[in-house]
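Numbering (this note's numbering), first residue to last: 102 to 500. We put the CB at the ideal spot given by N, CA and C, even for glycine. Just so it is clear, the structure is predicted and the values come from calculations on it, not from any experiment.
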Amino acid sequence: MKILVINCGSSSLKYQLFDMDNEEVMVKGLVERIGIEGSRLIQEKGDDEYIIKEAMKDHTEAVSYVFDALVDEENGVIKNLEEIDAVGHRFVHGGEKITKSSLITDEVKEAIEEYTKFAPLHNPANLMGLKACEKLLPNVPNVAVFDTAFHQTMPAKTYLYGIDYKYYEEDGIRKYGFHGTSHNFITNKTAELLGKEKEDLNIISAHLGNGSSITAVKNGKSFDTSMGLTPLEGLIMGTRSGDIDPAAITYLMENKNIGPKDMENILNKESGVLGVSGVSSDFRDLEAAAEKGNERAQYALDIFITRVKRYIAGYMAEIGSVDAIVFTGGIGENSIGMRADIMDGFQQFGIKIDQDKNNVRGGAHVISTDDSKVKIMVVATNEELMIARDTQALVELDK
102 MKILVINCGS
112 SSLKYQLFDM
122 DNEEVMVKGL
132 VERIGIEGSR
142 LIQEKGDDEY
152 IIKEAMKDHT
162 EAVSYVFDAL
172 VDEENGVIKN
182 LEEIDAVGHR
192 FVHGGEKITK
202 SSLITDEVKE
212 AIEEYTKFAP
222 LHNPANLMGL
232 KACEKLLPNV
242 PNVAVFDTAF
252 HQTMPAKTYL
262 YGIDYKYYEE
272 DGIRKYGFHG
282 TSHNFITNKT
292 AELLGKEKED
302 LNIISAHLGN
312 GSSITAVKNG
322 KSFDTSMGLT
332 PLEGLIMGTR
342 SGDIDPAAIT
352 YLMENKNIGP
362 KDMENILNKE
372 SGVLGVSGVS
382 SDFRDLEAAA
392 EKGNERAQYA
402 LDIFITRVKR
412 YIAGYMAEIG
422 SVDAIVFTGG
432 IGENSIGMRA
442 DIMDGFQQFG
452 IKIDQDKNNV
462 RGGAHVISTD
472 DSKVKIMVVA
482 TNEELMIARD
492 TQALVELDK
């Protein structure tokens, strides 16, 4: 079975084509600057790169160019589009109505539309990609895989906010959590690596990158997670503020004459380590600046490390026995120094990182000492493969 995985942003589209007989990535690509001058498609097949530079006014045109690239005589990997058996789409928000990956139906589309109110930057773009595929591949099944779905097992005590309960009942204001596809993949992969049944696995999954979240997994299910109603809550991130006293927001709005939309933009795009440092949202740039003595860059790094420690320690207390603390994502997989700094201080609990074993990037590794009471691991995530697996399972079940 060949499955195309599509992940649409507001002006971009990432894709991978999988041969699920061996879970091989046949080709992958990126379309950028959709609807903007200078749009282009970059497709990678092994070491070969194929680039199309054409105006793409919307996602339907972008998807059309993706299909052209896939069947291109010289640079493609399939002879015709009939070889595509299904398309898996990443969706950010399914709310409480969609609790697992789902074949696309009118009901699923309605839920996606409804929860656009909590994901205005993501759900509409995700829908555009879906509608383009439905138009251009009318007889091919589509599957929606939701970032929020994995977290729908959280108990009320971890997803409810301390506000009047009517706002939950009437408006659905609660914690939903994100990066669920990644945390689900990490849970499955860690269970496999440790030789445990998923139902018996307790881990802290730390997906650290420009967008970061930490999830407490108890008995193989999400028990608590750092992101909330939207991806803004939780850790300080590249450009997102993370946790902040709500009174600070209302103070700024009142005293700086900032409207709701502008405030939302400030918190999502002008805050985080970028706002604190004034240097960059890229942690590599911050580390380089801090090494040269930039005090604000060091503040940004220190805040990030402190908050990651806080969430890991808190989640350990919430779920009790922990099998592993697992680092993933761009920072989690690749920043040797960041992992060491985050785990510094956990020695008092008998949890110790091995500096030699920690000298790795990507892959799947145990980086704790042999006598550590909890394993510390690095496990590379693969959200696209998780989407492809869910898509295959649902399509085969529907036959």
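- For Val241, the secondary structure class from DSSP, reduced to helix, strand or coil, is coil.
- Of the residues assessed, Ala220 falls on the buried side of the cut-off, its CB having 16 or more other CB atoms within 10 angstroms.
- In its chain, beyond the 5 residues on either side, Lys290, Leu294, Met478, Val479, Val480, Ala481 have a beta carbon closer than 8 Å to the beta carbon of Ala465.
- The three-state secondary structure of Met127, taken from DSSP, is strand.
- Taking the Cα positions, Ile452 is about 12 Å away from Ile443.
- Burial check for Arg490: the Cβ neighbour count within 10 Å reaches 16 or more, so the residue is buried.
- Looking at the DSSP output, Ile153 bridges to Leu142.
- Sequence-distant Cβ neighbours of Ser473 in its own chain, meaning closer than 6 Å and more than five residues away, are Ile452, Lys453.
- In the pairwise beta carbon analysis, the region 345-354 is classified as not touching the region 310-321: fewer than three pairs are separated by under 8 Å.
- When DSSP states are grouped into helix, strand and coil, Asp445 belongs to the coil group.
- Annotated as proximal: Asn303 and Val423, with beta-carbon spacing under 7 Å.
- Among the bridge pairs identified by DSSP, Ala187 is matched with Ile104.
- Here Gly230 is not near His252, since their CB atoms are 7 Å or more apart.
- Burial is judged here by how many other beta carbons sit within 10 angstroms of a residue's own beta carbon; Asp403 has fewer than 16 and is exposed.
- By the CB criterion at 7 Å, Val128 and Lys146 fall inside the cutoff.
- Distances from the CA of Lys319 to each of Ala156, Glu175, Thr254, Asp471 were compared; the closest alpha carbon is that of Thr254.
- DSSP places Tyr352 inside the alpha helix (DSSP H), whose first and last residues are 347-356.
- Counted as a single uninterrupted DSSP element, the stretch harbouring Gln456 is not any beta strand (DSSP E), since DSSP gives it neither H nor E.
- Within the same chain, Cβ atoms closer than 6 Å to the Cβ of Ile315 are found at Ala307, Ser327, Tyr412, the five residues on either side in sequence being excluded.
- Pairing Ala250 with Thr200 gives a Cβ-Cβ distance under 7 Å.
- Around the beta carbon of Gln456, fewer than 16 other beta carbons sit within 10 angstroms, so the residue counts as exposed.
- DSSP links Glu133 through a beta bridge to Ser113, Arg141.
- Distances from the alpha-carbon of Ser323 to those of Lys232, Thr282, Gly273 put Thr282 closest.
- Counting only residues of its own chain and dropping the five nearest sequence neighbours on each side, Ser203 has a CB closer than 6 Å to the CB of Val209, Ala245.
- Beta-bridge pairing by DSSP links Ala317 to Ile305, Asp325.
- DSSP places Phe428 inside the beta strand (DSSP E), whose first and last residues are 425-429.
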